[in-house]
């Protein structure tokens with residue numbers, strides 16, 4: 509008997525060691541590319557690819573040069589553009605998503621089921637298939653004449669169709685017990701009152717989650733921004749700005765600065781992303797007890 | 038209070054839910070006239086503001102049609118008849134351009150006019166219905182709602198109209214109208230040889246679809262290989278990430294594994310950084326002269342001038358794409374499945390242990406079926422997302438390596454990246470639209486077959 513537990517213990521030790529070693533190896537593989545980005549962003553030597561792995565010297569110049577005027581890297585400009593677009597987009601589309609999600613979850617009317625099916629069908633077309641038409645519609649209304657208006661156009665494109673992705677928020681509203689609403693109706697509240705004073709305060713996790721998710725969109729979108737902004741480098745967002753740096757005519761000069769830009773942009777986005785995960789977990793576990 | 042509300046609700050649904058036909062047939066003269074002069078029935082019964090609002094909208098539509106709409110519809114049918122021409126100006130001794138029709142704008146304005154007309158029909162229906170509703174109320178001796186009551190009903194009975202108005206118009210303008218426009222383009226000859234304003238394009242019926250499926254045509258020679266690669270990619274990308282991510286979550290969750298949250302953070306950090314950064318980084322790492330090849334040269338695995346063609350050999354590029362996608366996707370699955378895994382009843386595992394089942398048997402007989410049952414809807418969404426996955430392919434390989442066998446597509450192009458290249462780079466809008474429609478048909482059939490059978494669709498009110 510004693511021998512038996514001993515061998516079981518040893519077996520356990522062996523399997524635990526295997527698990528930890530393989531997790532360490534996998535974790536190393538997963539971290540490695542980020543390590544490469546960080547190292548290259550501090551690399552002193554100019555130019556692109558080197559025949560060696562670790563940089564020969566380190567410098568902060570790559571970061572400083574990002575904010576220097578006169579280069580074709582307009583990093584601070586791109587950053588501010590993206591920030592403005594992201595703020596307006598997140599406010600508008602969060603409003604759109606939450607309105608539709610609430611209506612679909614709580615109100616009953618004739619077209620409801622039909623509407624949800626249409627939303628499902630529209631989601632199956634490739635997202636940018638409609639882009640050419642959107643481009644010409646915006647052009648027709650004169651939104652693509654001036655650079656500033658292009659940013660307005662970008663906000664409209666990002667938030668315009670955003671109401672279609674209401675399913676997660678609707679799922680959350682579905683979990684709020686209906687008897688809370690009914691109690692309020694008996695006290696004479698209108699549906700609008702219930703939406704404003706009961707549902708919204710109870711739904712903080714999903715509201716924050718929707719806000720953060722739609723805030724992230726403009727930072728990582730590449731397709732729409734490229735079509736709408738065209739060659740207007742001054743009004744680029746960070747994503748296409750950095751992408752354009754990797755084009756053949758720039759890569760030799762800006763290779764290391766590209767990675768510096770990537771590091772700078774990754775930090776705030778990583779923090780926001782981790783925040784959404786926290787709220788998401790809260791949302792799934794159910795904020796309303798009872 | 039509650040009783041009174043119920044009664045009120047019953048009467049109002051009684052009147053406003055009648056079909057347009059019955060409303061028109063049973064309506065009196067004023068109601069019938071409302072089909073021609075919008076809002077007449079309301080004005081007649083002293084609901085002045087509501088009636089005037091409808092009338093104003095009708096006049097606005099008629100004004101639009103007379104000044105612009107009718108010619109827009111005519112142009113929509115012909116798609117323009119006058120080509121832009123060069124004419125020699127005798128007095129100035131130069132060639133001048135005579136402005137022709139722009140087929141693209143003809144099509145666009147036509148679509149917009151059709152949508153406005155559709156809105157006009159809805160207005161007509163609601164005008165007759167509203168007149169009939171008021172007429173019925175008078176016959177039954179009920180109170181006629183004043184304009185102020187209409188406004189306050191937006192907070193109660195019609196709250197959905199208030200909340201949906203803006204979001205839905207956003208969807209109509211930025212999704213539905215453009216989509217209708219692009220679908221129509223699939224039936225025209227709007228390619229790089231027919232670019233407005235210099236040239237006209239015209240309706241060609243199903244020619245583009247026929248060209249796409251014609252045997253031995255250059256289009257079908259491109260289409261079939263790309264379609265099969267798209268399907269292979271979507272299957273591999275979905276299931277490798279699904280299974281490996283689940284395994285990772287199980288390994289981290291198992292008792293005996295220490296530093297659980299540390300391991301989670303390590304893997305999650307790779308998806309926290311923006312995808313375009315990680316994809317562009319991967320592209321540089323596996324470049325011909327990139328660090329991966331440099332490393333292999335330094336440790337002597339390959340000769341000093343040799344390089345492994347990670348993204349330049351078609352087969353290797355495809356394998357690399359799937360591997361990089363595993364790097365991106367596995368942490369996502371780990372994140373989403375951790376919670377569900379913890380909900381699997383422990384008794385199941387204990388019973389299996391008593392029966393002497395090993396790790397593999399418990400995984401395939403208990404964990405996987407349970408997870409599949411819960412996550413099938415997510416799995417479908419992931420599959421659809423992968424078929425439409427633009428970022429991974431475009432930022433990683435750009436569709437390359439290039440090949441001459443295909444019509445403006447590379448070896449690793451998916452249908453969506455091909456669509457992007459055809460429209461943005463090649464300006465073959467009609468073929469791009471055909472591909473978009475085909476992608477839609479594939480995805481719609483697939484989702485209908487699977488999604489409608491899931492519990493969460495059939496039983497959406499189970500938890501309310």
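Protein chains in written order, with this note's numbering: chain A, 509 to 798; chain B, 38 to 501.
Virtual Cβ for every residue (Gly too), placed ideally from N, Cα, C.
- The beta carbon of residue 201 of chain B falls within 7 Å of a beta carbon belonging to chain A, placing the residue at that interface.
- At a cut-off of 7 Å between beta carbons, residue 604 of chain A contacts chain B.
- Taking 3 residues as the minimum length, the stretch 577 to 659 of chain A contains no beta strand (DSSP E) run wholly inside it.
- Listed in chain order, the positions of the stretch 602 to 634 of chain A with a beta carbon within less than 7 Å of a beta carbon of chain B are 604, 607, 608, 610, 611, 615, 617, 629, 630, 632, 633 and 634.
- No beta strand (DSSP E) of 3 residues or more sits fully in the stretch 397 to 444 of chain B.
- Within the same chain, 453 come within 6 Å of residue 425 of chain B by CB-CB distance, once the 5 residues on both sides are set aside.
- Inclusion of residue 597 of chain A and residue 745 of chain A in the CB contact set at 7 Å is not warranted, their separation being larger than that value.
- Following the DSSP letters along the chain, one finds residue 125 of chain B inside the beta strand (DSSP E) bounded by residues 122 to 126.
- Listed along the chain, the chain B residues whose CB falls inside 7 Å of the CB of residue 774 of chain A are 310, 311 and 314.
- By a beta-carbon distance limit of 8 Å, residue 153 of chain B contacts residue 98 of chain B. Their separation comes to about 7 Å.
- Runs of the alpha helix (DSSP H) spanning 4 or more residues and lying entirely within the stretch 521 to 579 of chain A occur at 569 to 574, in chain order.
- Looking at the backbone, the Cα of residue 652 of chain A and that of residue 660 of chain A are separated by about 9 Å.
- The CB of residue 665 of chain A comes closer than 7 Å to the CB of 211 in chain B, given here in chain order.
- DSSP, read as helix, strand or coil, puts residue 707 of chain A in helix.
- Straight-line spacing of the CA atoms in residue 588 of chain A and residue 594 of chain A works out to 10 Å.
- Around the Cβ of residue 73 of chain B, a 10 Å sphere holds fewer than 16 other Cβ atoms; the residue is exposed.
- In the three-state reduction of the DSSP assignment, residue 447 of chain B falls in the strand class, which pools E and B.
- At a cut-off of 7 Å between beta carbons, residue 246 of chain B makes no contact with chain A.
- For residue 172 of chain B, the closest of B:148, B:69 and B:191 by C-alpha to C-alpha distance is B:69.
- About 6 Å separates the beta carbon of residue 148 of chain B from that of residue 217 of chain B, a gap short enough to meet the 8 Å contact definition.
- Exclusion of the five residues before and after residue 67 of chain B leaves 77, 78, 81, 82, 168 and 172 as the residues of its chain whose Cβ lies within less than 8 Å of its Cβ.
- Here the alpha carbons of residue 141 of chain B and residue 233 of chain B stand approximately 6 Å from one another.
- Closer than 8 Å at the C-beta level to chain A, one finds these residues of the stretch 359 to 389 of chain B: 364, 368, 372 and 376.
- Remark: fewer than three beta-carbon pairs, one from each stretch, lie closer than 8 Å, so the stretch 184 to 203 of chain B and the stretch 122 to 132 of chain B are not flagged as touching.
- Contact annotation: residue 692 of chain A and residue 706 of chain A have beta-carbon atoms nearer than 7 Å.
- Among the bridge pairs identified by DSSP, residue 240 of chain B is matched with B:225.
- Non-local C-beta neighbours of residue 143 of chain B in its own chain, meaning closer than 8 Å and more than five positions away in sequence, comprise 109, 112, 113, 115, 116 and 117, ordered along the chain.
- Between the beta-carbon of residue 711 of chain A and that of residue 681 of chain A there is about 7 Å, and that keeps the pair under the 8 Å contact cut.
- Contact annotation for residue 481 of chain B against chain A: 629 and 632 [CB-CB distance below 7 Å, chain order].
- For residue 59 of chain B, there are no CB contacts under 8 Å within the same chain when 5 residues up- and downstream are skipped.
- Per DSSP, the continuous beta strand (DSSP E) segment holding residue 132 of chain B begins and ends at 131 to 135.
- 7 Å or more divides the Cβ of residue 738 of chain A from the Cβ of residue 750 of chain A.
- Runs of beta strand (DSSP E) with 3 or more residues, each lying fully within the stretch 247 to 334 of chain B, are absent.
- Taking the beta carbon of residue 147 of chain B as reference, no residue of chain A falls within 8 Å; the closest one sits roughly 12 Å away.
- Excluding five sequence positions before and after residue 642 of chain A, the CB atoms of its chain that fall closer than 7 Å to its own CB belong to 665, given in chain order.
- Only those residues of the stretch 670 to 684 of chain A whose C-beta falls short of 8 Å from the nearest C-beta of chain B are listed: 670, 671, 672, 682 and 683.
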